[in-house]
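In what follows, a structure is listed as structure tokens, so that the remarks can point back to it.
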Amino acid sequence: MAAPAAGPGCWSENILDYFLRTHQIATEDGAEISWYHGANRRAQTEAALRSAAHMVEADVLLPSAGAGAVPSQPVMAHPPETHSDNTLQAWLAALLPSTKGIKLDFKSGSSNVVDAKPFIDTVTSFFPAVTLSLGWTTGWHPEKANEGYSWEMVREMESICSGLSQPVTFPVRAVLVRQSCPQLLWLLKRSDRYSLTVWTAKDDSCSTEDLLYIRDCFDKKKVFYDILEPQNREFKQAIGITANL
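Quick note on numbering: this note's numbering labels position 225 of the sequence shown as 246, and the sequence is numbered without any gaps.
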């Protein structure tokens with residue numbers, strides 16, 4: 022789930038439009054938007070707020086629903102970590118006064134997997150104009166053929182999202198995009214509300230050339246890049262954008 026953190030009317034805006042309107046970026050190019058990752062603990066959250074990043078990404082760990090579990094608030098942690106000095110409520114309170122955008126990744130931890138439709142219905146009932154970030158569970162193996170995003174996957178996603186009124190961004194793993202361009206292009210053409218957020222994992226073998234290929238294949242207004250360092254800096258340098266964090 023992603024949205025600008027504050028400002029009049031910003032909850033109803035497209036993320037790119039928000040940063041353009043507030044003069045934080047200069048062109049209709051998702052690559053201009055910079056990210057701060059893993060701002061879960063209080064110290065990390067404070068560092069993110071001091072940074073030049075436009076978007077702050079963090080992980081929400083839902084309380085365990087197991088038998089005998091003690092009810093508790095959602096906390097900001099990425100499994101295998103299960104404890105944090107930061108609750109979701111405190112995290113939001115810290116971010117809301119800022120002009121940054123936020124992206125929350127909800128983790129199920131040891132709880133049962135949450136069904137998509139009830140979860141989406143709950144989120145949209147509280148935040149009817151929020152941007153939804155809906156993706157797929159992926160794996161990548163350097164010594165095996167990796168299929169990427171299949172037609173079945175994108176068609177199922179379209180069936181879930183077609184009835185929504187909110188903007189939707191699809192997080193896609195960079196190493197799987199090149200072989201999935203036809204499927205993802207088809208998905209983006211289903212609605213003007215759709216975009217991609219390209220991300221990388223620590224051990225993925227994704228080159229700057231792969232990222233440039235993605236950039237050439239898709240509308241620049243429709244793709245955001247949540248890329249780890251140092252590759253993020255190398256990619257931004259290759260396309261003439263200064264990466265200031």
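Where is the CB? At the ideal position from N, CA and C, for every residue including glycine.
Rounded to whole angstroms, what is the Cα-Cα separation between leucine 249 and tryptophan 220?
Roughly 8 Å separates the two Cα atoms.
In whole angstroms, what separates the C-alpha of glutamate 179 from that of threonine 145?
One C-alpha to the other measures close to 17 Å.
Going straight from the alpha carbon of lysine 124 to that of alanine 79, what length do you get?
The alpha-carbon atoms of lysine 124 and alanine 79 are separated by roughly 6 Å.
Ordered along the chain, which non-local residues of its own chain (more than five positions away) have a Cβ less than 8 Å from that of alanine 90?
In this predicted model, alanine 90 has a pLDDT of only 46, less than 50, meaning its place in the structure is not dependable; the value taken from the coordinates is given anyway. Only Pro84 meet the Cβ criterion.
Over the uninterrupted beta strand (DSSP E) stretch that includes phenylalanine 147, give me the two end residues.
Note, phenylalanine 147: premise wrong, no beta strand (DSSP E); alpha helix (DSSP H) at 137-147.
Is the beta carbon of tyrosine 246 sitting closer than 8 Å to the one on phenylalanine 256?
A contact, by the Cβ cut-off of 8 Å.
May I ask you to report which of helix, strand or coil DSSP gives proline 220?
Before going on, a small fix: residue 220 reads as tryptophan here, not proline. Here tryptophan 220 sits in strand by DSSP.
What residue range does the alpha helix (DSSP H) around aspartate 240 cover?
Here aspartate 240 belongs to no alpha helix (DSSP H), and DSSP marks it neither H nor E.
Return helix, strand or coil for isoleucine 260, following the three-state DSSP convention.
Coil, per DSSP.
Would the beta-carbon of valine 120 fall within 8 Å of that of threonine 48?
First, the amino acid is wrong: residue 120 is threonine here, not valine. No, the pair does not count as a contact, with Cβ atoms beyond the cut-off.
Of the residues Ala115, Pro101 and Glu34, which one's Cα is nearest the Cα of alanine 60?
Among Ala115, Pro101 and Glu34, the Cα nearest to that of alanine 60 is on Ala115.
Between Asn35, Tyr39 and Leu113, which lies nearest to threonine 66 when the distance is taken from Cα to Cα?
It is Leu113 whose Cα lies nearest to the Cα of threonine 66.
When you compare the CB positions of glutamine 187 and leucine 153, do they come within less than 8 Å of one another, or not?
The answer is yes: Cβ separation under 8 Å.
Using only CA atoms, which one of Trp172, Val189 and Cys202 lies nearest to tyrosine 215?
Ranking the options by Cα distance to tyrosine 215, first place goes to Val189.
Between which two residues does the beta strand (DSSP E) carrying proline 192 extend?
Here the beta strand (DSSP E) through proline 192 covers 189-194.
Assign serine 201 to one of three DSSP states: helix, strand, or coil.
In this structure, serine 201 counts as helix in the three-state DSSP scheme.
Using only CA atoms, which one of Thr263, Arg62, Ile141 and Ser228 lies nearest to valine 81?
For valine 81, the nearest C-alpha among the options comes from Arg62.
Go ahead and label alanine 73 buried or exposed: buried means 16 or more other beta carbons lie within 10 angstroms of its beta carbon, across all protein chains shown.
Answer is exposed; the Cβ neighbour count stays below 16.
Reducing DSSP to helix, strand and coil, say where alanine 115 ends up.
Helix at alanine 115.
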